[in-house]
Amino acid sequence: MGFTEEIQRRKTFGIVSHPDAGKTTLTEKLLLFGGAIQVAGAVKSNKIKKSATSDFMEIERQRGISVATSVMGFNYRDKQINILDTPGHKDFQEDTYRTLTAVDSAIVVIDVAKGVETQTEKLVEVCRMRKTPMIVFINKLDREGKDGFDLLDEVEQKLGLSACPLSWPIGMGQRFKGVYSIYEKKLVLFNPHGKQQEEDVVEFNDYNDPELENHVGEGPAAELREELTMIDEVYPKFDKEAYLNGDLNPVFFGSAINNFGVRELLDCFTEIAPNPLPRETEERVIDPYEKKFTGFVFKIHANMDPKHRDRIAFLRICSGEFKRNTNYLHVRNGKKMKFPNPTTFMASKKEIVEAAYPGDIVGLYDSGNFKIGDSLTEGEKIQFKGIPSFSPEQFRIVHNADPMKSKQLAKGLSQLMDEGVAQMFTKEFGGTRIIGTVGALQFEVIQYRLEHEYGAKCSYEPLHLHKACWLTWEDEAQYKDFQTRRKRDIAKDKDGNIVFLAESSWQLKTMQENYPKIQFHFTSELT
Ligand code: G4P
């Protein structure tokens, strides 16, 4: 197969949802269709259960599972489909944001009973800002839930998407009869006690055909006709270009656990979802069809075995062909590196690959060279955009609790920050080290991992801050004045960028007003 065909058969996507909406279940059913796994239950949920916030063994176990399920590839209808797993727990949301930089499209799972939930709103917002094409799957139709039209309203109002139903449910819960596929013009009938069989699907070009009654009964048939007529009148017709531009969002209904409506979703996805897309760098746009290899690291995973401190850096290939044992430039540190064991992930199987193509994710064994956002190329100096750190919301001062191990502490903190577990800011005045995170769980993870992987101990001191924001300025005099007055609130991030640690939203607002020539940024991407 040629280079172009390799790219054109790849589809790399992520599933986003609020915990418990059914992401893991859906992933598993998709893998079953692809033949990547044989039995249900093979993909373990990698969510950290809400109750486990201080159960470190559970966190470790989950970390182990999440390496295995970080990327799951399978073949379906001649396509190579890569699913990137996104952590469900809200304290790991930043991980999810970063993973979303490595996908070309997303599937949003919504629980029919709960409707659109907060975490889905945040994640969809990130995708929307990047114009990532999204398909919505409304799950758990075997249960009672919200009315279909109300859900479409939520999708439009809360998620800011433009809903385009491509399937429509016939009843729900006890009365759930199946779905009508608007996309394929067929009736897919639900059998609550079995797998979806071929014979449960009836071609149905015209829903006004009186045959409909024979399949679903009189009442449901009348209701379905009325609703489909309304959809025809109110909702936009499917337009692939609009979907690919992020302006139209197909909506499917089904029940992942019953493997119902999943094939329709997958078939449509396979047909319409984008192939690897171009990626922006600070310097220029990288086209996947360019012959020279480029890629970036979006995730780093520490080895589970503390005796071997190597890590896996997950690299998204953006252009060209990546080859095993070939010298590439690590742009940030200017070093040439080659990788004898690049790994791909087909379901839970890890395999060493000779070559990988745009859209693929390879795992690179790393002894501490990489940090998130790093670029690898054949020599060109580029920096991929859109892999920012977000302004943290929780802060603590970190102290060394074992004076004999200060080197280990410094190394451990530095490597954990490279992995993106949290962010560290060092105050310009006094050198105090402050850790900022998006969620509280990371503080415990850091403490635990420092001790078990680096032999270092830390303690925390609470710190009440509103936000950390990155500063840029053109007017040096204005910054100098700010620096003199606010010197206790200024710190550097680990790349040396200047950060303002705002105590309150009021203080932040006042500073923004008093220093109009200083820009306050809420992500580390300072453009
Ligand atoms: P997540 O990854 O998004 O967090 O969700 P997950 O797939 O783990 O699903 C959350 C719960 O919802 C699970 O139940 C799962 O079985 C259930 N579920 C998923 N899809 C459907 C569906 O279509 N219909 C119904 N009725 N339930 C569904 P659980 O009791 O939390 O876990 P488990 O013991 O079943 O694994």
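Going by the numbering used here, the residue at position 37 of the sequence shown is 62; the numbering climbs one at a time, nothing skipped. For each residue, glycine too, the CB sits at the ideal point set by N, CA and C.
TODO: Please classify Phe277: is it buried, with 16 or more other beta-carbons within 10 angstroms of its beta-carbon, or exposed?
DONE: buried
Task: Own chain residues within Cβ distance below 7 angstroms of Gln508, not counting five before or after - done: Ile515
Task: C-alpha distance - Arg341 paired with Pro383, whole-angstrom precision - done: 8 angstroms
Task: Helix, strand or coil at Ala138 [DSSP, three-state] - done: coil
- [ ] Please check the pair Leu488 and Ala527, which I expect to be a contact at CB under 8 angstroms, by giving their CB distance rounded to whole angstroms.
- [x] That belief does not hold up - the Cβ atoms of Leu488 and Ala527 are roughly 12 angstroms apart, past 8 angstroms.
Open item on the list: Per DSSP, what are the beta-bridge partners of Pro487 in this structure?
Closed with: Arg421
- [ ] With hydrogens ignored, establish whether the beta-carbon of Asn216 is closer than 7 angstroms to any heavy atom of the ligand G4P.
- [x] no
- [ ] Measure the alpha-carbon distance for Leu533 versus Val524 and round it to whole angstroms.
- [x] 12 angstroms
Open item on the list: Helix, strand or coil for Val387? Go by DSSP, reduced to three states.
Closed with: strand
Open item on the list: Just to confirm before moving on: does the CB-CB distance between Ile311 and Val356 stay below 8 angstroms?
Closed with: no
TODO: State yes or no: is the C-beta of Lys147 nearer than 7 angstroms to some heavy atom of the ligand G4P?
DONE: no
TODO: With a 10 Å radius around its C-beta and 16 neighbouring C-beta atoms as the bar for buried, classify Ile377 as buried or exposed.
DONE: exposed
TODO: Just the C-alpha distance for His546 and Ser414, rounded to the nearest angstrom, thanks.
DONE: 11 angstroms
- [ ] Could you tell me whether the Cβ atoms of Ala46 and Asn164 are closer together than 8 angstroms?
- [x] yes
- [ ] Note the first and the last residue of the continuous alpha helix (DSSP H) segment covering Leu290.
- [x] 287-297
Open item on the list: Beta-carbon within less than 8 angstroms of Arg309's beta-carbon, same chain only, minus the 5 sequence neighbours each way: which residues are those?
Closed with: Ile407
Task: Three-state secondary structure (DSSP) of Glu105 - done: Before going further, note that residue 105 is Gln rather than Glu in the sequence given. In this structure, Gln105 counts as strand in the three-state DSSP scheme.
Task: Unbroken beta strand (DSSP E) run spanning Asn164, endpoints - done: 159-164
TODO: Take Ser431 and list the residues in its own chain whose beta-carbon comes closer than 7 angstroms to its own, dropping the five residues that flank it on each side.
DONE: Asn425
TODO: Measure the Cβ-Cβ separation of Asp427 and Ala481 and say whether it is below 8 angstroms.
DONE: yes
Open item on the list: What does DSSP give as the partner residue(s) for Ala380 in the beta ladder?
Closed with: Lys348
Open item on the list: Buried or exposed, going by whether 16 or more other CB atoms sit within 10 Å of the CB of Thr29?
Closed with: exposed
Open item on the list: Using only the alpha-carbon positions, how far apart do Arg474 and Leu466 sit?
Closed with: 12 angstroms
TODO: Report the residue from Tyr390, Ile412, Gly388 whose alpha carbon sits nearest the alpha carbon of Asp399.
DONE: Ile412
Task: Three-way DSSP call (helix, strand, coil) for His240 in this model - done: helix
Open item on the list: Does the region 117-128 come into contact with the region 29-41, if we say contact requires no fewer than three beta-carbon pairs (one atom in each stretch) closer than 8 angstroms?
Closed with: yes
Task: Where Ile73 falls: helix, strand or coil (DSSP) - done: The predicted model places Ile73 with a pLDDT of 42, which falls under 50 and marks its position as unreliable; any figure quoted below should be read in that light. The answer is coil: DSSP assigns Ile73 none of H, G, I, E or B.
- [ ] Note down, in chain order, each residue of its chain lying with its Cβ closer than 6 angstroms to the Cβ of Glu142, except the 5 sequence neighbours on either side.
- [x] His43
Open item on the list: Between Asp272 and Ser187, how many whole angstroms is the CB-CB distance? I'm expecting something under 8 angstroms.
Closed with: 6 angstroms
Task: Presumed contact (8 angstroms Cβ cut-off) between Ile386 and Phe339, rounded CB distance - done: 6 angstroms
Open item on the list: Any heavy atom of the ligand G4P closer than 7 angstroms to the beta-carbon of Lys165?
Closed with: yes
TODO: Return the CA-CA distance between Arg35 and Ile543, expressed in angstroms with no decimal places.
DONE: 44 angstroms
Task: Contact under 8 angstroms by Cβ, Arg421 with Phe468 - done: yes
Task: Alpha-carbon to alpha-carbon, Gly461 and Thr368 - done: 32 angstroms
Task: Arg123 in three-state terms, based on DSSP - done: helix
Task: Limits of the unbroken beta strand (DSSP E) element including Gly39 - done: 35-42
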